[in-house]
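Note sheet for the following structure.
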Amino acid sequence: MEQVSSTGKPIQITVTDGYDLKGFKGDTPVTFIRAEFNQVVLGDSAKITVSPEGTAKYNFTSTLEFNTEGGITLDDISHKPVFLTMTEVLPKEKKQKDEKTLILGQAVVDLLPLLEGQMCDSHKSRYNKAHKI
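In C-alpha cells, the structure reads:
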C-alpha cells in the first residue's frame with residue numbers, strides 16, 4: 584500500500600504585468616501588489632514604478648500551502664478567495680517621516696477551479712478601482 588505524503592501542496596498565485604495604470608499623485612506612480620488569503624498576508628511585491636504608458640512588470644509570485652492535516656482546508660479553498668491589492672506609494676512630503684500609501688484597486692482570485700481539477704489558470708483580472716471618499 585502506497586503511503587500518502589502529509590506535506591502540503593503549494594498553490595502559487597503570480598502577477599506578471601499591469602496595464603492602464605494610473606495613480607492619484609502623478610502619471611508614473613510607484614506601486615506594489617499585496618496578496619492575502621483568509622486575512623493573512625501572503626506577501627508583497629517589490630515597489631515598481633509605472634511607465635509613462637501606464638504599464639508595470641511585477642513578476643510577483645506568492646504561495647499558500649494546502650495541507651489535508653490542518654492549516655488551509657478544502658473548505659477554505661472552495662469558499663475563500665485570494666485578494667490582490669494594488670497600492671500606490673505616495674511621494675514623501677517635507678518633514679514626513681512615514682511612508683504614506685493609497686489603495687488603487689483590488690482583484691479577487693477564486694480558487695474553486697483547483698478543486699474541479701484545473702491545474703493552471705492563466706487569465707487577466709481587472710482591478711476594481713478604489714474611489715475617493
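The sequence shown runs contiguously to residue 716 in this note's numbering.
Glycine included, C-beta positions come from ideal geometry on N, C-alpha and C.
Could you check what DSSP says for residue i in three-state terms: helix, strand or coil?
i: Asp658; result: helix
i: Pro593; result: strand
i: Leu698; result: helix
i: Asn642; result: strand
i: Phe649; result: strand
i: Gly637; result: coil
i: Gln679; result: coil
i: Phe666; result: strand
Just to confirm my understanding: we take residue i, look at its own chain, exclude 5 residues before and 5 after, and list those with CB closer than 6 Å. What are they?
i: Asp600; result: Lys640
i: Lys608; result: Leu673
i: Ser628; result: Phe615, Ile616, Tyr641 and Phe643
i: Thr597; result: Thr644
Please list, in chain order, all residues of the same chain as residue i whose beta carbon is under 8 Å from its beta carbon, the five residues on each side excluded.
i: Leu698; result: Leu657, Ile660 and Ser661
i: Ile716; result: Here Ile716 scores only 45 on pLDDT, less than 50, and its place in the model is too uncertain to base an answer on.
i: Asp693; result: Pro664
Would residue i be called buried (16 or more neighbouring beta carbons within 10 Å of its own) or exposed?
i: Thr614; result: buried
i: Glu585; result: The pLDDT assigned to Glu585 is 41, lower than 50, so where the model puts this residue is not dependable; a value taken from the coordinates is nonetheless given after this. That one is exposed.
So what does residue i bridge to, in DSSP terms?
i: Gly626; result: Ala618
For residue i, which residues of its own chain have a beta-carbon under 7 Å away from its beta-carbon, when the five flanking residues on both sides are left out?
i: Asp610; result: Pro635
i: Leu695; result: Ser661
Compute the distance between the beta-carbons of residue i and residue j, then report whether it is under 9 Å.
i: Gly606; j: Val633; result: yes
i: Gly594; j: Thr638; result: Here the sequence assigns Ile to residue 594, which means Gly is not the residue at that position. Cβ atoms of Ile594 and Thr638: not closer than 9 Å.
i: Lys675; j: Lys683; result: yes
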